[in-house]
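Asks: Just so you know, we're using my numbering here: the sequence shown kicks off at 284 and counts up by one.
Note that the Cβ used here is the ideal one computed from N, Cα and C, for glycine as well.
In this text the structure is predicted, and so the values were computed from the model without any measurement.
Before we start, here is the structure in question, set down as structure tokens.
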Amino acid sequence: MAHIFEGTGVAITTPFVNDEVNYEALKKHVNFLIENNAKSIVVNGTTAENPTLTDDEKSQILKTVVEEANGRVPIIAGTGTNNTAKSVKASVEARELGADGIMLITPYYNKTNQRGLIKHFETIANEAKLPVILYNVPSRTNLFIDVETVVELSKNEYIVGIKDATDDMEYVKALKDQLNMDEFALYSGNDGNVVEYIERGGHGIISVIANVIPGAYQRLFDDDKANLNDNFKNIQTLLNALEVDVNPIPIKVLTAYEGFGNYELRLPLVPMLDEDKAELEKAYEAYKRGE
Numbered sequence: 284m285a286h287i288f289e290g291t292g293v294a295i296t297t298p299f300v301n302d303e304v305n306y307e308a309l310k311k312h313v314n315f316l317i318e319n320n321a322k323s324i325v326v327n328g329t330t331a332e333n334p335t336l337t338d339d340e341k342s343q344i345l346k347t348v349v350e351e352a353n354g355r356v357p358i359i360a361g362t363g364t365n366n367t368a369k370s371v372k373a374s375v376e377a378r379e380l381g382a383d384g385i386m387l388i389t390p391y392y393n394k395t396n397q398r399g400l401i402k403h404f405e406t407i408a409n410e411a412k413l414p415v416i417l418y419n420v421p422s423r424t425n426l427f428i429d430v431e432t433v434v435e436l437s438k439n440e441y442i443v444g445i446k447d448a449t450d451d452m453e454y455v456k457a458l459k460d461q462l463n464m465d466e467f468a469l470y471s472g473n474d475g476n477v478v479e480y481i482e483r484g485g486h487g488i489i490s491v492i493a494n495v496i497p498g499a500y501q502r503l504f505d506d507d508k509a510n511l512n513d514n515f516k517n518i519q520t521l522l523n524a525l526e527v528d529v530n531p532i533p534i535k536v537l538t539a540y541e542g543f544g545n546y547e548l549r550l551p552l553v554p555m556l557d558e559d560k561a562e563l564e565k566a567y568e569a570y571k572r573g574e
């Protein structure tokens, strides 16, 4: 199976107004991303505040994004949970709503072993019958997908890639050495290591900061690789400013700045302190001026 996308995928935020999903702002954001060269949009992921969205909201968000994108870029739905049966149900529904693929996080809290991971992912993939991107993010789940497990899972016709948020380049090298890169895609899940991923032959990124600068990230993939580090310098300065708080708290400052909804989060997430928010906006303005 061919790669579902290459280049810049965006883990889109969920805009709220008075604690309700702002679907008009969501549509506006989708069009901005596509018009500025995003190659895929991932909905209902970590950055979308997945744990505090209701099942009905997740369905309506996916439906809205699929309809607004209208086939212009692949839409990937975050449907993974720590409940296999629930993940199957969400994944089948994602297919029915028009998703082009699904992204599956490792089970958390009731974490399993590697054999359990294989069974969990294969069960969902075989029922969903959609391209699957695995999501390895042990900093949030406390569960790591071993290289050997990824290799075994890659034999499944539906499992076509992995989003790796470990920042472990030896892990990336091992995956690349043991997998068929024409059939299985490696996506960075860490905005800060995109240059290293590109240099090591990674196929793309599922990005947070590309919610507001998709074009700049895509240029990293499109432009001469000799200029990678120079092109990334200004982005790195902005990324440093985002590290003042945990995702998605800072990125929603910037999506609100660009008019994609209010600066509003759902508990347990809380807004940044006013002084930190002001510093982040100042850094973003400097980035936009090219400073």
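1. Look at the alpha carbon of T449 and the alpha carbon of N463, and state the distance between them as a whole number of angstroms.
2. Find out if the Cβ-Cβ distance for the pair T367, I534 is shorter than 8 Å.
3. Measuring straight from C-alpha to C-alpha, what distance separates K508 and K372?
4. Buried or exposed for L387, please, with buried defined as at least 16 other CB atoms from any protein chain shown within 10 angstroms of its CB.
5. Using DSSP with H/G/I as helix, E/B as strand and the rest coil, what is K459?
6. Could you compute how far the alpha carbon of P497 sits from the alpha carbon of F515?
7. What distance in whole Å lies between the Cβ atoms of I442 and V420, which are believed to be in contact at a cut-off of 8 Å?
8. By alpha-carbon positions, which one of E466, S374, V477, T347 ends up nearest to E440?
9. My understanding is that T395 touches T424, with C-beta atoms under 8 Å, so please give their C-beta distance in whole angstroms.
10. Quick check on S370: does DSSP put it in helix, strand or coil?
11. Would you mind stating whether S374 and I428 have Cβ atoms separated by less than 8 Å?
12. Would you list the residues sitting across from I532 in a DSSP beta bridge?
13. Quick check: what's the CA-CA separation for E289 versus G354?
14. Rounded to whole angstroms, what's the CA-CA distance from L556 to D474? Just pull it up for me.
Replies: So, from the listed chains and residues:
1. 21 Å
2. no
3. 42 Å
4. buried
5. helix
6. 13 Å
7. Going by Cβ atoms, the distance from V420 to I442 rounds to 17 Å, so no, they are not a contact pair.
8. E466
9. No, T395 and T424 are not in contact; Cβ-Cβ is about 11 Å, not under 8 Å.
10. helix
11. no
12. Note: I532 sits in no beta bridge, so no partner.
13. 16 Å
14. 23 Å
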